[in-house]
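Here's the structure, in C-alpha cells; my notes come after.
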Amino acid sequence: MERPLSIEKHTGHTPPEAAPIQEQPTNTSYEGHSRPAYDETEKSRWERLWPVIACGAGLFSDGYLNGVIGFVSTMLGKIYPTAYASSPAQRNVSSITFAGTVVGMLIFGYTSDHYSRKWSLFASTVILIAFAALSAGSYGAGGSSSGLFAALTAWRFLLGIGIGGEYPAGSVGCAESTGELKSGTRNRWFILFTNVQIDIGFVVSALVPMIVVLITGEDHLRAAWRICLGLGVIPPLSLLYLRLKLNEPEAYRRETMAKAKTPWLLVIKFYWWRLTIVSLIWFIYDFSGYSFSLFSSTIVDNLLGDNSPLWKSFGWTTLIYLFYLPGCIGGSFVSDWLGPKMTLGIGVLAQGIVGFIMAGVYSYLAHPQNVAGFVIVYGVFLALGEFGPGDNIGLIASKSCATAVRGQYYGIAAAIGKIGAFVGDQVLAILYNRYKDTDPIKAGQYPFFVSSALCILSAGIAFFLLPHIGQDTIDEEDVKFRAYLAENGYDVSQMGVQRESAEHIVGQTEVEGGNEVNEKVSKA
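UniProt numbering applies: residue 1 is where the sequence shown begins, and numbers increase by one.
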C-alpha cells in the first residue's frame, strides 16, 4: 500500500508533475514504496496520548469486577451459611466470569479485526455497564436463595463477555496507539494503561468492600454486597464518551483486512509457533496470578480466625493487593529499558524462587500472630508476578503479530490465559479444601509449590522461546507480514482503509492543478 502523498498547491507556471513533493522521513519500505513511521505525525502530545488512555483504561473494570466477586462470595457465605456452602454457586459465582471472558475475547477478537476496533470497544463497554448493574440487582423468584445464586451466576457470565471484549479491542487499540508516542517510552505507556489499571482495579476491589462493610456493619451484608457490585458500573460509564470520540488507530487504517479475505492458512503458518509460546506463558501466569487473587481473601480469613471482623480480613487483603502497584509500575519502566522478553523472564524467575521460599516457611507464617509476615512475603510474590508476566505478556501478545490479525491473535492468547485462571481457581481450591481440615500447613504449602514450579517453567520458555520486542516492532511486523503474504501470492493491495480515498484525493488534486496551468497558458 502506497502512503498518502502530501500535496502542495501549485502556483506560477510550473507544471504540476514537476512540482516538488513534500517528503516525509521514512523508516522502511515494502512493495518498493516508502512509508512513514507511525510516530511521524503532527498531532500534539495529548492527541497522541488520549487514545492510549481511552483504549486501555477500561481494564480497570476487569480488575475491579473480577476482584470484588471474591469479597462478595465471602459476604454471601456469611448471609447464607448453609445454602451457599452446599451450592455449586460458591465456586461458580467466582469462576463463571472467566468462561464469559473467554467467549468475549474470541468474539471481540474477530470483530475488532474484521469490523472496527472502535465499535467493538464501545460495544464491550455497554455490555459491562448493563451486566454490572444487573449483577448488583440479582434476585431469586419469591426471594429464594437458589434463584438469587442462579441469577448472579448468569449475569456474571454475561458480564465476562464484556470484560473479554476489553482485551482484543482495548489493549490492541492501546498498543497500536502507542506507536505514535516517543520511541523509548511506548512500553511504559501501554503498561500504565493496561496492566496497571487492572492492578489498581484489584486494589480498589478490596478497599471498597472494607469501607462498605465498616459503614453498613456485618448486620447489613445484604446491602453491602449489592453496593460493591453496583459501584462497578461507574468505571466503564466514565469512559463511554471518550470511546465514542475515538478514531481507528493509524496502524489499523493502514493494515486492516476488514474488506479483504483473510488468508488463514498463511496466517497460521506464519504465527502458530509464536502464538503457542505466548499463550502458554499467559496460561501459566493467570493460573497463579488470578487464582491467587481470588483465593487470597480466603487464606487471610483463615489465618485471622473465625472471630475476626470481616472488615479486618478485607483490610489485610487490600494491603496484599497494594504490593501489585510497585511491581507493575516499576516493571513498566524496566520493560522500556531491558525489553519485554527479559523483564518477563527475570520477574517470573524471581517470583518462582520467592514462592518456593514461602512454601518452605509456611509452617511459621501460618499463624495469626505472624499474619504481617505472611502478607509481606506473599505481597512480594505477587509484586514480582506483576513486574514480569503481568506487565509484559499482554504487551508481547499485542506487538508480536501483524495489525491485520492482531485482535484475533491477542484474543486467542488472552482466552487461553483466562482458561488458565479458571483451571488455577479450581485446582488450587481443590488442593486447599482437601487439606484445610486435616493439615492446614499442607493446605497452604501445596498451592505455592505448584505455582512456583510453573513460574520456573515459564521463565525458561520466556528466555529461550519468546521473540524480541523492540520499540518499532508493530511497524516492523506489519512490513514482514506484508512481504510474506506478497511472496506467497496474496494481493496486499486489498489491505487498509485509506488507499482508495487517498488515491482519489491525489487524483483530484492533480486534475485541478492541471486545469489551473492550462488556463494560465491559454491566457498567456
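Yeah, the Cβ is synthetic: ideal placement off N, Cα and C, and Gly gets one too.
Residue from the options whose Cα sits closest to the Cα of residue i
i: residue 314; options: 106, 259 and 228; result: 228
i: residue 377; options: 336, 361 and 151; result: 361
i: residue 181; options: 300, 280, 495 and 47; result: 47
i: residue 459; options: 76, 393 and 261; result: 393
i: residue 527; options: 71, 166, 495 and 375; result: The question about residue 527 has no answer, for the chain in this structure spans 1 to 524.
i: residue 130; options: 90, 189, 236 and 120; result: 236
i: residue 335; options: 179, 208 and 186; result: 186
i: residue 50; options: 199, 248, 223 and 437; result: 248
i: residue 415; options: 60, 107, 426 and 312; result: 107
i: residue 91; options: 427, 117 and 469; result: 427
i: residue 201; options: 446, 450, 328 and 284; result: 328
i: residue 199; options: 55, 424, 174 and 382; result: 382
i: residue 176; options: 127, 117, 209 and 438; result: 117
i: residue 412; options: 158, 165 and 136; result: 165
i: residue 136; options: 223, 470, 355 and 450; result: 223
i: residue 123; options: 88, 244 and 330; result: 244
i: residue 350; options: 339, 115 and 386; result: 386
i: residue 300; options: 318, 147 and 141; result: 318
i: residue 345; options: 456, 367 and 87; result: 456
Collapsed DSSP secondary structure at residue i in the structure displayed
i: residue 471; result: coil
i: residue 495; result: coil
i: residue 361; result: coil
i: residue 263; result: coil
i: residue 58; result: coil
i: residue 257; result: coil
i: residue 307; result: coil
i: residue 490; result: coil
i: residue 323; result: coil
i: residue 150; result: helix
i: residue 366; result: coil
i: residue 144; result: coil
i: residue 339; result: coil
i: residue 51; result: helix
Cα-Cα separation between residue i and residue j, rounded to whole angstroms
i: residue 322; j: residue 404; result: 37 Å
i: residue 280; j: residue 417; result: 8 Å
i: residue 309; j: residue 78; result: 12 Å
i: residue 231; j: residue 489; result: 53 Å
i: residue 479; j: residue 255; result: 10 Å
i: residue 225; j: residue 211; result: 12 Å
i: residue 453; j: residue 342; result: 19 Å
i: residue 100; j: residue 216; result: 31 Å
i: residue 206; j: residue 324; result: 13 Å
i: residue 484; j: residue 260; result: 16 Å
i: residue 287; j: residue 421; result: 4 Å
i: residue 348; j: residue 373; result: 22 Å
i: residue 178; j: residue 189; result: 7 Å
i: residue 388; j: residue 143; result: 46 Å
i: residue 370; j: residue 52; result: 42 Å
i: residue 273; j: residue 477; result: 15 Å
i: residue 304; j: residue 444; result: 14 Å
i: residue 429; j: residue 96; result: 15 Å
i: residue 120; j: residue 359; result: 43 Å
i: residue 550; j: residue 127; result: The structure shown has nothing for residue 550, since the chain only spans 1 to 524.
i: residue 195; j: residue 242; result: 20 Å
i: residue 419; j: residue 395; result: 19 Å
i: residue 263; j: residue 269; result: 10 Å
i: residue 320; j: residue 365; result: 15 Å
i: residue 380; j: residue 353; result: 11 Å
i: residue 473; j: residue 85; result: 50 Å
i: residue 267; j: residue 466; result: 18 Å
i: residue 463; j: residue 276; result: 15 Å
i: residue 147; j: residue 170; result: 34 Å
Sequence-distant residues of the same chain with beta carbon closer than 6 Å to residue i, five excluded per side
i: residue 501; result: Note that residue 501 scores a pLDDT of 45, beneath 50, so its modelled location is shaky; the value from the coordinates is reported in the next line. Cβ within range, chain order: n/a, list empty.
i: residue 407; result: 109, 112, 113, 168 and 172
i: residue 163; result: 62 and 101
i: residue 401; result: 271 and 409
i: residue 437; result: none
i: residue 446; result: 431
Cβ shell of residue i (< 7 Å), same chain only, five flanking positions each side left out
i: residue 23; result: Per-residue confidence for residue 23 stands at a pLDDT of 38, beneath the threshold of 50, marking its modelled position as unreliable; the derived number appears in the next sentence. Nothing meets the Cβ criterion.
i: residue 57; result: 193, 197 and 239
i: residue 214; result: 311
i: residue 355; result: 381, 448, 451, 452 and 455
Chain-order list of residues whose beta-carbon lies under 8 Å from that of residue i (same chain, five-residue window excluded)
i: residue 93; result: 69, 72, 73, 76, 149, 152, 153 and 156
i: residue 434; result: 443
Please specify which runs of the beta strand (DSSP E), each continuous and at least 3 residues long, are wholly inside the stretch 159 to 223, giving them in chain order.
-> none
Which residue spans inside the stretch 220 to 251 form an unbroken alpha helix (DSSP H) run of at least 4?
-> 221 to 230 and 234 to 244
What runs of the alpha helix (DSSP H), each 4 residues or longer, lie entirely inside the stretch 394 to 478?
-> 406 to 435 and 440 to 465
Secondary structure, beta strand (DSSP E): runs of 3+ residues fully inside the stretch 80 to 138 = none
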